[in-house]
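Undergrad: Below is the structure I would like to discuss, written out as structure tokens.
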Amino acid sequence: MKKIIPILLIIIGIVFLLTPFIMEQIVKYYNSAIMDKDILKEPIGTDADQIEGEFDFSAITDVDIWSLIKGSKNFDKNLIIGTILIPDLDIHLPIMKGLTNSNLMVGAATMKPDQSFGLGNYTLAGHYMKNKDLLFGSLMDIEIGNKVYVSNGKKIYEYEIYDTVIVPDTAMELLSDERADERGKPIISLMTCYHSSKTGKRFFALGELIDEHHID
1 MKKIIPILLI IIGIVFLLTP FIMEQIVKYY NSAIMDKDIL KEPIGTDADQ
51 IEGEFDFSAI TDVDIWSLIK GSKNFDKNLI IGTILIPDLD IHLPIMKGLT
101 NSNLMVGAAT MKPDQSFGLG NYTLAGHYMK NKDLLFGSLM DIEIGNKVYV
151 SNGKKIYEYE IYDTVIVPDT AMELLSDERA DERGKPIISL MTCYHSSKTG
201 KRFFALGELI DEHHID
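In this note's numbering, the protein residues as written are 1 to 216.
Here you go:
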């Protein structure tokens, strides 16, 4: 028995050390599997407003190995409604309809049930990751003037970042379409946790619509 305990401790230690790597590999696998389908090259099968998504803010948790495993089982590819591209940050992710752990595991999730591409305040949330190559891990590096492109497979909507803010996690007014009305044009609001949800703060990158491009 005395020999078994040290071995178990070593195994537990190895698993603990490998957990971040395993988490990253799960995220990379699903993101690559989706983006390799070249969904930008042809229209998404179903219009976004015809897809019903879940929007339960209270159910969202920080990324951990168990939420990723559970999320991978519940992932629904039919909730893919488009893509987001931020060239300056090397962010290229699917846009998922609905704010759920499963959706946030693979891409950027819509935050309101009635939002439409290129209209009002188009809000997207993404997980903060220590690895800046994953999800919204690099979003806090975004700069004023950077371009953001979102597409539903029919059109590409081009936004330019005009502001970034750090706010309490209770600042729900940043999701309102009134923000677009105040700006005088459609905007996009990209949100991620400020390093961790435990900080009680959220980082927002705000951009205004400057152009639309039809996909031939």
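C-beta atoms are modelled at their ideal positions from N, C-alpha and C, and glycine is treated no differently.
Is it buried or exposed for F204, if we count other Cβ within 10 angstroms and need 16 for buried?
TA: Stepping through the sequence shown from its first residue, residue 204 is reached at position 204. F204 comes out buried.
Undergrad: Using a threshold of 8 Å, state whether the C-beta atoms of T123 and T110 are closer than that.
TA: On the sequence shown, position 123 is the one that residue 123 refers to. On the sequence shown, position 110 is the one that residue 110 refers to. For T123 and T110, yes; Cβs fall inside 8 Å.
Undergrad: Tell me K155's beta-bridge partners as DSSP assigns them.
TA: Position 155 of the sequence shown, counted from the start, is the residue given in the question as residue 155. H214, per the DSSP bridge assignment.
Undergrad: Using a Cβ-Cβ cut-off of 6 Å (strictly less than) and excluding sequence neighbours within five positions of S196, which residues of its own chain qualify?
TA: Reading the sequence shown from its first residue, position 196 is the one you call residue 196. Closer than 6 Å at the Cβ level, and outside the excluded window around S196, lies no residue.
Undergrad: Would the segment 175–195 count as touching the segment 135–144 if we require 3 or more Cβ pairs under 8 Å?
TA: Segments in contact, yes.
Undergrad: Taking 8 Å as the threshold (C-beta atoms), are D88 and N146 in contact?
TA: Here residue 146 refers to the residue found at position 146 when the sequence shown is read from its first residue. Here residue 88 refers to the residue found at position 88 when the sequence shown is read from its first residue. Contact flag set, yes.
Undergrad: Ordered along the chain, which non-local residues of its own chain (more than five positions away) have a Cβ less than 6 Å from that of I86?
TA: Working through the sequence shown from its first residue, we reach residue 86 at position 86. Once the five neighbours on either side are set aside, the close Cβ partners of I86 are V148.
Undergrad: What is the rounded straight-line gap between the Cα of K107 and the Cα of F75?
TA: Indexing the sequence shown from 1 puts residue 107 at position 107. Indexing the sequence shown from 1 puts residue 75 at position 75. Reading the sequence as shown, one finds Gly at residue 107 and not Lys. Approximately 11 Å between the Cα atoms of the pair.
Undergrad: With distances taken between CB atoms, is the gap from I81 to K97 smaller than 8 Å?
TA: Along the sequence shown, one-based indexing puts residue 81 at 81. Along the sequence shown, one-based indexing puts residue 97 at 97. Going by C-beta atoms, I81 is nearer than 8 Å to K97.
Undergrad: Between V167 and G126, what straight-line distance do the alpha-carbon atoms span, to the nearest angstrom?
TA: Numbered from 1 along the sequence shown, position 167 holds the residue referred to as residue 167. Numbered from 1 along the sequence shown, position 126 holds the residue referred to as residue 126. Taking the straight line joining both Cα atoms gives about 16 Å.
Undergrad: For S102, count neighbouring Cβ atoms within 10 angstroms of its own Cβ and tell me buried if that reaches 16, exposed if not.
TA: One-based indexing of the sequence shown puts residue 102 at position 102. Answer is buried; the Cβ neighbour count reaches 16.
Undergrad: Taking G207 and I188 to be in contact with their CB atoms under 8 Å, please state how far apart those CB atoms are, rounded to whole angstroms.
TA: Within the sequence shown, residue 207 is the residue found at index 207, counting from 1. Within the sequence shown, residue 188 is the residue found at index 188, counting from 1. Contact holds; Cβ gap of about 5 Å.
Undergrad: Taking I161 as the reference, which of S176, I144, D211 has the closest Cα?
TA: As a working mapping, residue 161 is identified with position 161 in the sequence shown. Among S176, I144, D211, the Cα nearest to that of I161 is on I144.
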